[in-house]
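Participant:
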Amino acid sequence: MTFDTHMHTELCGHAVGSPREYVSAAHTRGVDLIAFTCHVPMQNALFGERSTRMALGDLPRYRDMVADAREYGAQIGVEVLYGIEAEVFPDAAEMAAMDEVLASDTFDFVLGSLHHQLRSYQERIARKGWNSDARIIADYFEALTAAASRGRYDSFAHPDLIRIYGTVEPFHPSEYETLIREFLSAAAENGVCIEVNTSGYIKGVHEVHPHPVIMEWAAEIGTQFTMGSDSHRPEQVAQCFERAYAELHSAGIGSTCYFRNGRKVEISLEEQTARSGCPI
Ligand SMILES: [Zn+2]
Ligand SMILES: [Zn+2]
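Heads up: the sequence shown begins at 0 in numbering that gives the first Met the number 0, then just goes up one per residue.
1. Please give me, in chain order, every unbroken run of the alpha helix (DSSP H) with length at least 4 that falls completely inside the region 149–191.
2. Measuring alpha carbon to alpha carbon, tell me which residue in 28, 272, 8 is nearest residue 19.
3. Within a Cβ cutoff of 7 Å, which residues of the same chain sit near residue 124, ignoring the five residues on either side of it in sequence?
4. Report the option in 99, 103, 23 whose CA atom is closest to the CA atom of residue 298.
5. Measuring only the C-alpha atoms, how far is residue 266 from residue 6?
6. Cutting at 8 Å between CB atoms, please list the residues of its own chain near residue 234, excluding the five before and the five after it.
7. I'd like to confirm something about residue 14: is its beta-carbon nearer than 8 Å to some heavy atom of ligand 4, or not?
8. Buried or exposed: residue 271, going by 16 or more other Cβ atoms within 10 Å of its Cβ?
9. Which two residues bound the contiguous beta strand (DSSP E) that contains residue 280?
10. Are there any heavy atoms of ligand 2 lying less than 8 Å away from the beta-carbon of residue 84, as far as the coordinates show?
11. What does the Cβ neighbour count give for residue 115, buried or exposed, with the cut at 16 atoms within 10 Å?
12. Which first and last residues belong to the alpha helix (DSSP H) in which residue 119 is found?
13. With a threshold of 7 Å on Cβ separation, who are the neighbours of residue 71 within its own chain once the five nearest residues in sequence on each side are excluded?
14. For ligand 2, is there a heavy atom less than 8 Å away from the beta-carbon of residue 156?
15. Between residue 159 and residue 68, what straight-line distance do the alpha-carbon atoms span, to the nearest angstrom?
16. Using 8 Å as the Cβ pair cut-off and three pairs as the minimum, do the region 82–92 and the region 100–120 touch?
17. Output the distance between the C-alpha atoms of residue 172 and residue 192, rounded to the nearest integer angstrom.
18. My guess is that residue 248 and residue 199 are in contact by the Cβ rule of under 8 Å, so how many angstroms apart are they, rounded?
19. Compute the Euclidean distance between the alpha carbons of residue 201 and residue 207, then round it to the nearest angstrom.
20. Near residue 223, what residues of its chain come up, given a Cβ to Cβ distance below 6 Å and the 5 sequence neighbours on each side ignored?
21. What are the start and end residues of each continuous alpha helix (DSSP H) run of 4 or more residues lying completely inside the region 199–235, in chain order?
22. Is residue 3 buried or exposed, if buried means 16 or more other CB atoms sit within 10 Å of its CB?
23. Which same chain residues, not among the five before or five after residue 122, have their C-beta less than 8 Å away from its C-beta?
24. Do three or more CB pairs link the region 173–190 to the region 213–222 at distances below 8 Å?
25. What beta strand (DSSP E) runs, 3 residues minimum, are completely inside the region 33–115?
26. What residue from 92, 76, 66 has the CA that sits closest to residue 82's CA?
27. If you drop the 5 nearest sequence neighbours on each side, which residues of the same chain put their C-beta closer than 7 Å to that of residue 93?
28. For residue 104, verify whether its CB is less than 8 Å away from any heavy atom of ligand 2.
29. Using the Cα positions of residue 227 and residue 166, report the straight-line distance between them to the nearest angstrom.
30. Just confirm the distance between the C-beta atoms of residue 57 and residue 80, as a whole number of angstroms; I'd bet it's less than 8 Å.
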């Protein structure tokens, strides 16, 4: 069976297509299970208003849209799960406000992302007066490490997103191996996954998230993975998954996971590639 547990809806303002179209695309590609994970509403406009995330009042509509997609999916053999892409941000007040929103609903799957490219994080950097990339990169991974034990997230989306979008100069993960290993260990200890995010292939430095060397460290440490295309259009569902399976396999990883009702289900790569015939 194959699954893709990271995709958006038009409610966030920068994705297109109805949830049913994503379900159809999954069906066409032989994907058995998908999770919608649209961007969580944030009260603070620095996280982006209408152009980057749904409004707080849209949450019930989001739930209805996913419920409708689930009904449709049941008819054509695609299981649809209800998830959300939450923020990771090193500020307790922001996190408390977000936690209230998350607690107002029941999700199958909660992703955590530190979107450093948003004004929220850019203003944090300015406020701190940081002008060294090393300080910013440390802050990014320390925030993820701290978030691993919060009990809020099931998986961290694109965990090395700091490598793209220009907040810092491009760098190789080996330069920050200790910090990144600390994060991977914290995730493993808390049963939190990290995501193989295939949108990396088509943006930034055109590499998978996380970088293959981070996959190797995760394999050593025992950090588990989820699979996400980060689709913002229906045709992106399960994009480049064959490449990702091959990278995982060469890094020594034999399975990935999805979450239903907050419970982790682990599936071997053999089972995920059985139908496609992808030679892992
Ligand atoms: Zn998005
Ligand atoms: Zn996303």
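Backbone N, C-alpha and C fix where the C-beta goes; we use that ideal spot for every residue, glycine too.
Computed from a predicted model, the values in this text were never measured in an experiment.
Facilitator: In brief:
1. 176–188
2. 8
3. Excluding residues within five positions, the ones whose Cβ falls inside 7 Å are 135.
4. Nothing about residue 298 can be reported from this structure: the residues present for the chain run from 0 to 279 only.
5. 20 Å
6. 24
7. As presented, the structure is devoid of ligand 4, carrying ligand 1 and ligand 2 as its sole ligands.
8. buried
9. In the structure as shown, the chain begins at 0 and stops at 279. Residue 280 is therefore absent and cannot be evaluated.
10. yes
11. buried
12. It spans 118–127 - the alpha helix (DSSP H) in which residue 119 sits, taken as one unbroken run.
13. 19, 22
14. yes
15. 31 Å
16. yes
17. Just so you know, the alpha carbons of residue 172 and residue 192 end up roughly 19 Å apart.
18. The pair is not a contact, with the Cβ atoms about 17 Å apart (cut-off 8 Å).
19. 9 Å
20. Excluding positions up to five away in sequence, the list reads 192, 256.
21. Segments of the alpha helix (DSSP H) lying fully in the region 199–235: 211–220.
22. buried
23. If we look at residue 122 and ignore the five residues flanking it on each side, its Cβ neighbours are 45.
24. yes
25. Whole beta strand (DSSP E) segments, 3+ residues: 78–86, 108–112.
26. 66
27. Only 43 meet the Cβ criterion.
28. no
29. 23 Å
30. The pair is not a contact, with the Cβ atoms about 19 Å apart (cut-off 8 Å).
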